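Numbering (my numbering), first residue to last: 853 to 964.
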């Protein structure tokens, strides 16, 4: 993969359980680190949700590779935040034979 242009700063986040103050736990997003990414939209659709119509856009997001288990390696179930935009990671795989880059297949949701 030549000429990969990682030109957007993204925050990698993972869901964490924290005490809710009433003896239970609440789910909250926790920052894991900053990644430089290239964002490529791949298509989208309009779906009906509880609050009305939601536009789902699929993206291919490229970033530098990190070893399996490393905190900076994205995993399915995590998300990337670019400004106010949120990208929920569905799958991750090596983008090139040399293992220098990773591709994240992600979905972004926006109220239509």
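Glycine residues also receive a C-beta, built at the ideal position from the N, C-alpha and C atoms. Because the structure is a prediction, the values reported are computed rather than measured.
* Exposure label - residue 899; buried when at least 16 CB within 10 Å -> So residue 899 ends up on the exposed side.
* Are the Cβ atoms of residue 890 and residue 909 separated by less than 7 Å? -> No, they are not a contact pair.
* Asked: Helix, strand or coil: which one does DSSP assign to residue 892?
  -> In this structure, DSSP gives residue 892 an extended state, which the three-state scheme calls strand.
* **Cβ-based neighbour list, residue 868, same chain, cut-off 8 Å, excluding 5 preceding and 5 following** => Here the set comprises 879, 880, 881, 882.
* Select from 955, 897, 858 the residue whose C-alpha is nearest the C-alpha of residue 912. => Shortest Cα-Cα distance from residue 912 to any of 955, 897, 858 involves 955.
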